[in-house]
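J.: In this text, residue positions in the sequence shown follow this note's numbering: the first is 5, and each later residue adds one. My questions will all concern the structure given below.
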Amino acid sequence: MKSYGILGMVLSLVAQVHTSALAIEDATSSDIEEKLAAHDVAVVEVYRPGCKFCLKMYPVISRFEAANPATPVYRVLVSDEGFKAKYQVSDIPAFLVFKRGVFSHAFFGLMDSDQFYQSVYFAPVAVRDPEATLIGVK
């Protein structure tokens, strides 16, 4: 395991505290499909523990979850190669929106609560060619 000194320890502790305060459920490529199919709309955050941008999104996600309890947010580690490859994710934080278990669209990076809400519910539905790449992802 790599050591990142005091800053790394602080970021790790902050990640643990923020993660425990959220209702975000961890998922993997082997169990996410079933979870997504059970909801009209669901969001998957692709993240890495200790990622400073992912950490900055925790309060935004927390507010979203509190205001939209019917729309769950699941987390998948960026190191989950099966999920990452299937949805061609290379940038984090990445947020993938699914409607009734079917991939709808993705958005990336830092944003405020209003932008997050708009990105989940009002982003144009992308009919995606499996050979194409997502905007912002190589």
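Cβ atoms here follow ideal geometry from the backbone N, Cα and C, with glycine treated the same way. Every value quoted in this text rests on a predicted model; they were computed, and no experiment measured them.
Runs of 4 residues minimum, wholly inside the stretch 58-106: which ones carry the alpha helix (DSSP H) assignment?
T.: 85-90
J.: By how many angstroms is the C-alpha of Y78 removed from the C-alpha of D84?
T.: Here residue 84 corresponds to residue number 80 of the sequence shown, with the count starting at 1. Here residue 78 corresponds to residue number 74 of the sequence shown, with the count starting at 1. Taking the straight line joining both Cα atoms gives about 13 Å.
J.: In the structure shown, what three-state DSSP assignment does K142 receive?
T.: As a position in the sequence shown, residue 142 is number 138, starting the count at 1. Unreliable placement is indicated for K142, whose pLDDT of 35 sits below 50; no coordinate value is reported for it.
J.: Would you tell me roughly how many angstroms separate the C-alpha atoms of Y91 and V47, rounded to the nearest one?
T.: Counting from one through the sequence shown, the residue named residue 91 turns up at place 87. Counting from one through the sequence shown, the residue named residue 47 turns up at place 43. Rounded to whole angstroms, Y91 to V47 spans 13 Å at the Cα level.
J.: State the start and end residues of the unbroken beta strand (DSSP E) segment that holds A46.
T.: The residue you call residue 46 lines up with position 42 of the sequence shown. Where A46 is concerned, the enclosing beta strand (DSSP E) stretches over 45-51.
J.: Quick check on T23: does DSSP put it in helix, strand or coil?
T.: Mapped onto the sequence shown, residue 23 falls at position 19. Note on T23: pLDDT 43, under 50, position unreliable in the model; no value is reported.
J.: Going by the DSSP bridge assignment, what does F126 pair with across the sheet?
T.: Position 122 of the sequence shown, counted from the start, is the residue given in the question as residue 126. According to DSSP, which records beta bridges pairwise, F126 is partnered with nothing at all.
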